[in-house]
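Note that the working numbering numbers the sequence shown so that position 41 is 1024, with each residue one more than the last.
The beta-carbon is built from N, C-alpha and C at its ideal position, and this holds for glycine as well.
Just so you know, these numbers come straight off a predicted model, no measurement behind them.
Each remark here refers to the structure printed beneath this line.
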Amino acid sequence: MVISSGKTTNCLFDNWHRIGIPAEVLSERSISIVRVAAINIVAHAKEVIKWPRGRALTSDIIAFRDGFLEDLGEDEDNLIWFGSDHHKSAQVWDGLRVKPRNVRWWKLIWFRGQVPRFGFTVWLGKSPGNIYFLSVSSQPLFGENCCYT
């Protein structure tokens, strides 16, 4: 990706930095230290980032800071495709798809070999399937235009 204005490029999940995709290179701790949110675009992140000093300045933060763009232009950002002789559709799909974040809270709820009652209730309340259950349960049993014989 070639950045000019940084207004359409995601700071963490797009491949715009010389170190690669920042979310894959930076640790979660480093991301929280520099205060970059997952929704930040490069133009906004440039204003928000607080570069740490001292012990908090790790090697991955230094690499991220040194490759960060100083001057942003006014033109639109450009996506550049690089061709190769060994083109695989799996690699293209992996580059284009939106990857879900890895959640770690499930280890607090699910235990090996059993599903605890409290854990299952918490999981059910947190899952999007619960919305479907509530919408189905709120429907009347019989519609207004029912015919009985």
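Report the residue from the options whose alpha carbon sits nearest the alpha carbon of residue i.
i     : options                    : result
P994  : K1082, S1015, V1019        : Inspection of the sequence shows that residue 994 is occupied by Cys rather than by Pro. That would be V1019, whose Cα lies nearest to the Cα of C994.
E1030 : V1017, D1049, I1045        : V1017
A1026 : F1047, F1051, S1042, N1085 : F1051
I1002 : R1038, T991, D1049, G989   : D1049
R1087 : W1106, V1075, R1080, S1072 : W1106
G989  : R1084, W1034, G1056, P1035 : G1056
E1007 : N1085, S1072, W1076, P1035 : N1085
Taking 7 Å as the limit between beta carbons, can you name the residues of its chain near residue i, skipping five residues before and five after?
i     : result
F1041 : It should be pointed out that residue 1041 corresponds to Thr in this sequence rather than to Phe. Closer than 7 Å at the Cβ level, and outside the excluded window around T1041, lie S1013.
P1005 : C994, L995, F1047
K1033 : V1017, R1018
Leaving aside the five residues before and after residue i along the sequence, list all residues of the same chain whose C-beta is less than 8 Å from its C-beta, in chain order.
i     : result
L1010 : In the sequence as presented, Leu is not what sits at residue 1010; that position holds Ser. Counting only Cβ-Cβ distances below 8 Å, and skipping sequence neighbours, we find T1041, D1043.
I1022 : N993
Secondary structure at residue i, three-state DSSP: helix, strand or coil?
i     : result
G989  : coil
I1022 : coil
G1050 : coil
G1003 : strand
N998  : coil
T1132 : Because T1132 sits at a pLDDT of 48, beneath the cut-off of 50, its placement in the model cannot be relied upon, and the point is left open.
Enumerate in chain order the residues of its own chain whose CB-to-CB distance from residue i is below 6 Å, with the five nearest sequence positions on each side excluded.
i     : result
A1039 : I1016
Is the CB of residue i under 8 Å away from at least one CB in chain B?
i     : result
D1058 : In the structure shown, chain B cannot be found, because there is only a single protein chain.
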